[in-house]
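So the structure is just underneath, and the comments pick up after that.
There are 2 protein chains.
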Amino acid sequence: MPRTAETASFKFNHTMLRVRDPQVSLKFYTEVLGMDLAEKQVHETFTLYFLVYNYGNEVTDSVTRKGREGVLELTHNHGTENDTNFAGYANGNSDPGRGFGHIAIVVDDVEKACERFERLGVKFQKRPSDGKMKDIAFILDPDGYWIEVVKGYYPSGF
Amino acid sequence: MPRTAETASFKFNHTMLRVRDPQVSLKFYTEVLGMDLAEKQVHETFTLYFLVYNYGNEVTDSVTRKGREGVLELTHNHGTENDTNFAGYANGNSDPGRGFGHIAIVVDDVEKACERFERLGVKFQKRPSDGKMKDIAFILDPDGYWIEVVKGYYPSGF
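Top to bottom, those sequences are chains V and F.
Residue numbers for the first sequence follow UniProt numbering, beginning at 1 and rising by one.
Residue numbers for the second sequence follow UniProt numbering, beginning at 1 and rising by one.
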């Protein structure tokens, strides 16, 4: 659909989540979910990690993490990983704190993806076999954030 | 970077946020931010709205909302818009409930985009002139979620 010239350049670039321990979270998002670390920014009290799928495999402007969509920014406030009094971050799905719901990954085969997640020891909020909706699952990342796993739609020929 | 065959089909499809009043939020995301409503799913107790940039203007598989990245899912639990006891959703940036941080929109000109947001009466968490980082801003959506406004990076020729 046509947009106004004023918003023609806009893209939904990223979603930011706070994580307690970046080593644990980076392992999860790169090894389990298959994302690539595109950029790391070390600041005085926090470090930012920008993750994307297929980083560097594209020939369009979407090759950089700032010119594309589908970027996940993980914020690590230094020290939380060793703070035994740290209560953990809210995943947004229970009160108080409810608001944010989840991020979602589309896959070509939900069953196969979930079998692999099981093998890798990933925790499930909802397995494909749970509940009415057999074609979606929700896994949990290391901080307890919900990640929907759902079949992508590919037009014929893809 | 190469990924395993097991995750080769994966894409970061969407981010879900709960909203109190879909009429107010849809107006904000389509008219102010310039997104397109790609899909509406009416369920018994809730309705889902899927928004993307540039819907229908692409010739790749990314034309559908399930085959692409950068989708925003807004969940409306029926009744919140008229419930005077509804406390509102947490934006994730203060305790308790802290965890989710923000979504971000890249634009070609942060100053111009923010001048327009001002004209449209959008609330700011941080104007470009506030603080040290002059090249980014944070606006607030109708539920108070933070939306970063940042310059995208476009390689020469774009």
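Where a beta carbon is used, it is the ideal one built from N, C-alpha and C, also for glycine.
None of the values given here were measured: they were computed from a predicted structure.
CB contact flag (residue i, residue j, <8 Å)
i: histidine 102(F); j: phenylalanine 138(F); result: yes
i: phenylalanine 50(F); j: glutamate 73(F); result: yes
i: phenylalanine 28(F); j: phenylalanine 100(V); result: no
i: glycine 143(F); j: arginine 65(F); result: First, the amino acid is wrong: residue 143(F) is aspartate here, not glycine. For aspartate 143(F) and arginine 65(F), no; Cβs fall outside 8 Å.
i: valine 71(V); j: valine 107(V); result: no
i: arginine 18(V); j: tyrosine 89(F); result: no
i: lysine 11(F); j: glycine 152(V); result: yes
i: asparagine 85(F); j: tryptophan 146(F); result: no
i: threonine 47(F); j: threonine 15(V); result: no
i: glutamate 69(F); j: glutamate 69(V); result: yes
i: proline 22(F); j: proline 96(V); result: no
Alpha-carbon spacing of residue i relative to residue j, whole angstroms
i: asparagine 13(V); j: alanine 113(F); result: 15 Å
i: phenylalanine 117(F); j: leucine 33(F); result: 9 Å
i: alanine 38(V); j: tyrosine 53(V); result: 9 Å
i: lysine 134(F); j: isoleucine 105(F); result: 16 Å
i: glutamate 111(V); j: valine 24(F); result: 38 Å
i: threonine 80(F); j: alanine 5(F); result: 43 Å
i: asparagine 93(V); j: aspartate 141(V); result: 14 Å
i: aspartate 36(F); j: threonine 75(V); result: 29 Å
i: glutamate 44(V); j: asparagine 77(V); result: 10 Å
i: glycine 119(F); j: arginine 127(V); result: Correcting the residue type first, residue 119(F) is arginine in the shown sequence and not glycine. Each residue's Cα considered, the two are about 47 Å apart.
i: aspartate 130(F); j: valine 122(F); result: 16 Å
i: valine 42(F); j: leucine 26(V); result: 36 Å
i: threonine 7(V); j: isoleucine 136(F); result: 16 Å
i: tyrosine 55(V); j: serine 9(F); result: 14 Å
i: glycine 67(V); j: lysine 132(F); result: 23 Å
i: asparagine 82(F); j: aspartate 109(V); result: 40 Å
i: alanine 87(V); j: alanine 87(F); result: 23 Å
Chain A contact residues for residue i, given Cβ-Cβ distances below 9 Å
i: aspartate 108(V); result: The displayed structure is made up of protein chains V and F, and chain A is not among them.
| Which of the residues in the segment 121-143 of chain F, read from start to end, lie with their CB under 9 Å from any CB of chain V? | Asp143
| task | Pull out every residue of the segment 75-106 of chain F whose Cβ sits closer than 7 Å to any Cβ of chain V, in chain order. | result | Thr75, Tyr89, Ala90, Asn91, Gly92, Pro96, Gly97, Arg98, Gly99, Phe100, Gly101, His102, Ile103, Ala104, Ile105 and Val106
| task | Only counting runs of 4 or more residues, tell me where the alpha helix (DSSP H) segments fall wholly within the UniProt domain "VOC" (11-152) of chain F, in order along the chain. | result | 22-27 and 110-119
| query | Listed in chain order, which residues of the segment 42-55 of chain V have Cβ atoms closer than 9 Å to some Cβ of chain F? | reply | Leu51, Val52, Tyr53, Asn54 and Tyr55
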